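If you number the sequence shown the way UniProt numbering does, the last residue is 627 and the count never jumps.
This report concerns only the one structure given below.
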Amino acid sequence: MPLGTNRKTEIERSRTQHNTSHFSELKEVDALFTQKWGFQGQKKDFQGNYLLHYFLMDSLLGLFDPSEDNNLDGDNLPPEPQLGNIEYKLKLLNPSRTRFQHLVTQLKWRLREGGGEAIYEIGVEDSGLLAGLPSYEMDASLKTLSLMAAELGATTTILREREVGCARKVTEVLVRKVPADQHMIEVRVAVMGSADAGKSTLVGVLTEGQLDNGRGRARLNTFRHLHEVRSGRTSSISHATLGFDSKGKILSCYDLECGEDLHCTKLISLLDLAGHRKYLRTTVQAVSGYRPHQAMLVVSSQSGVVGMTREHVAISSALDVPMFVVITKTDLGRPQSTVDQLSALLTSPGVRKIPMVIKTEDDVMTACSGQVREEVVPIFQVSCVTGEGLDLLAKYLHVMPPGCGTREKERLDQELPEFQIDEIFRVADVGTVVGGLLTKGVITEQTELLVGPDDCGAFTPVKIQSVHRNKTPCRAVHSTQSASLALIPPLGTLRAGMVLISPLEEPTASFFFQATVRVLYHATGIHPGFQTTVHIGNIRQTAVIEGIMSYNTLHTNDRASVLFRFVRHPECVRPGARLLFREGPTKGIGTVTQVFPVTPPTSGSSSPCGDASAPGDGDKSNNNSAA
Ligand SMILES: Nc1nc2c(ncn2[C@@H]2O[C@H](COP(=O)(O)OP(=O)(O)OP(=O)(O)O)[C@@H](O)[C@H]2O)c(=O)[nH]1
Ligand SMILES: [Mg+2]
């Protein structure tokens, strides 16, 4: 309950009463304190207890005094948020059985809000005032919090402590509970940045725990192809995992890879992407298709902000992926000029973020706090050769919030399954295995689905033979999780961009779709006939702009409804899906508003791929209005 004006008036009134020094009025004040703040000292000496309350109340009332507000700027948190995973508690002392159950229910709710993680600020008023607790009360409160967590099978970790005067402390505690359906809390992080910025090296150093030699030693395990090892340049999407136990200790990557470390409660999946411009399509595809929860933008302090850095900032802003920055190679140059360049880029009109240079653990916690994480872009400064700054980065990765709240996840779990295929493998003795992301629903072994669309827009029935997550077999995969699925019967014609979808959805595929778009940049103007690469989720295909409603030409910052046509094959696109298109420096974002499904061939049809006619030529549309 946030401290409202009424409560403040009550405190003012009680202070007036208190100043009368009348015994009966003091009793009322005591009652008010017990009721409002739950002070429940073991009162042996009646007069002595009133003196204690007098002292406490005076100091608290002094803090609340509006005339002294100006002195408190550094001593307040924002008022307690009603929603979200942050809870303020002044103290948790000897709660009755009923109160304890109430506190446990509240903790359960906060954990749900935070997708399995909640942050408790002990010694803090609902108003955000850092009142603090003496050490014996703090110890008892932390004990109560541990008991509450134990009741739910959760763990507690002290994140930071702060002295707030007169031997009083405020403590911030992370409570973590791995949801019952998951092995661990998983956060996907896309590692972006220009070529040679040090992305693969940073991923290697974080996951393997060995520093780099400055000549490319640490990045070797992140490469997937021999030509990458030879050139030192990443050309594909490479996955690496970083596991933490409940206390924030980084776990050995060997145990994680074998799926053997049962202490892992949080898993950071790092997608090491290519920085060179010639692989930009693959990099955009990864950010659009894998739906990372965060983007880690790596900038070298040697080269500073370059064209590709700007490009990657624009892409993550356009796709609404929250970002944090890591300036690497601080052993080779002064990072301050890079910090200045980044600050200018991040605060520019198209991006509008608040850069925050992280220097202490306190800064890490502030950057992670739910109330600021949307706009704030934390900036870390590290060296993979000396190890400087890596501890703060690891701490941030440990407490970084999971992307999707449990409530939203539960809602998505209720929907019919849809799995987007990113990779296809042929595995001896198993058959066809597809890797990708389950955007909604739940898939278990033996689930019957459709896979498609093929080049004709048709979908083929398949059954799920087995499910693997993080290289470990499991019974089910839930919405927002990535997984590998073995399919029966084996199929020879799969491609990335296809979906596995419930037959109840009656899926369709379209060559033509309409979208409202905003042009982020074009040097001159976009006309009908313009060809561009379109990214919609994991779909990536060249499309032609066939028509622009109400405009002949689209310039930078123009918005319009546009009709697109896929060039190669129809795709399973849904109204409401977000899209990004780019061609050279041209960039735009938008939302699909309407699709025009093709009619798949029937057994007696003469055309191998049915009807792919343009909208308005009499094809079926899922919407009443024609384009
Ligand atoms: N001295 C020093 N060298 C570093 C540091 N980080 C990376 N390097 C070196 O920088 C070079 C490039 O690093 P990579 O990790 O391959 O860069 P990248 O960003 O993955 O490059 P692409 O894959 O081409 O996009 C390697 O030789 C690393 O050893 C650092 O903190 N200090
Ligand atoms: Mg690399």
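All C-beta atoms in this analysis are idealised placements derived from N, C-alpha and C, irrespective of residue type, glycine included.
Here the structure is a predicted model, which is why all the values come from computation and not from measurement.
Annotation note: the segment 259 to 297 contains the following uninterrupted alpha helix (DSSP H) runs of length 4 or greater, listed N- to C-terminal: 280 to 289. Checking the 8 Å criterion, the Cβ of S194 is out of range of every heavy atom belonging to ligand 2.
Rounded to whole angstroms, the Cβ separation of L111 and A118 is 5 Å, and the two are in contact under 8 Å. Scanning its chain for C-beta atoms nearer than 6 Å, with the 5 sequence neighbours on each side dropped, one finds around Y88 the residues E80, E121, V124 and D126, in chain order.
Take N76, set aside five residues on each side of it, and the residues of its chain with a beta-carbon closer than 7 Å to its own are G128, L129 and L130, in chain order.
Set against 8 Å, the gap from the CB of S303 to the closest heavy atom of ligand 2 is not smaller. Scanning Q541, T508 and T593 for the CA closest to the CA of R495 turns up Q541.
If you draw a straight line from the Cα of P453 to the Cα of S479, it is about 21 Å long.
Not one heavy atom of ligand 1 lies closer than 8 Å to the C-beta of S236. Burial is judged here by how many other beta carbons sit within 10 angstroms of a residue's own beta carbon; C368 has at least 16 and is buried.
The C-alpha of F425 is placed about 21 Å away from the C-alpha of P417. Using a 10 angstroms sphere on the CB of R559, the tally of other CB atoms stays under 16, which defines it as exposed. Judged by their CB atoms, E445 and K395 are not nearer to each other than the 9 Å cut-off. For R217, the Cβ stays outside the 8 Å cut-off from all heavy atoms of ligand 2. With respect to S510, C456 sits apart: the two C-beta atoms are not nearer than 9 Å. Per DSSP, Y521 is one residue of the beta strand (DSSP E) stretching across S510 to Y521. Look at V382: its beta carbon is less than 8 Å from one of the heavy atoms in ligand 1. Contact between I354 and I379 is ruled out by a C-beta separation of about 11 Å, above the 8 Å threshold.
H535 and V567 have their C-alpha atoms some 13 Å from each other. When D391, G431 and V592 are compared, the shortest CA-CA separation from R518 is found for V592.
Annotation: V467 to V544 spans about 38 Å, alpha carbon to alpha carbon. The alpha-carbon of I268 is positioned some 26 Å away from that of P335. Residues of the same chain with a CB within less than 8 Å of the CB of S303, apart from the 5 flanking positions on each side, are S194, D196 and A197 in chain order.
Between ligand 1 and N470, a heavy atom-to-CB distance of less than 8 Å is absent. Nearest to L392 by alpha-carbon distance, out of L145, V325, S288 and I501, is V325. Cβ contact annotation for I327 (same chain, cutoff 6 Å, sequence separation greater than five): V299, S301, P335, T338 and Q381, in chain order. Along the length of the segment 294 to 344, whole alpha helix (DSSP H) runs at least 4 residues long occupy 307 to 318, reported in chain order. Here DSSP, grouped into helix, strand and coil, assigns K91 to coil. According to the DSSP assignment, Y120 belongs to no alpha helix (DSSP H) but to the beta strand (DSSP E) extending over E117 to I122. P78 sits exposed, since fewer than 16 C-beta atoms from the chains shown fall within 10 Å of its C-beta. L90 is the residue among H227, I501 and L90 whose C-alpha sits nearest the C-alpha of V170. Short of 6 Å from the beta carbon of D331, and not among the five residues preceding or following it, lie these beta carbons of its own chain, in chain order: S383, V385 and T386. With a cutoff of 9 Å on beta-carbon distance, I589 and T553 are scored as not near each other. Here the C-alpha atom of S238 lies approximately 19 Å from the C-alpha atom of V427. A150 sits exposed, since fewer than 16 C-beta atoms from the chains shown fall within 10 Å of its C-beta. Ligand 1 approaches T201 closely enough that one of its heavy atoms is under 8 Å from the residue's Cβ.
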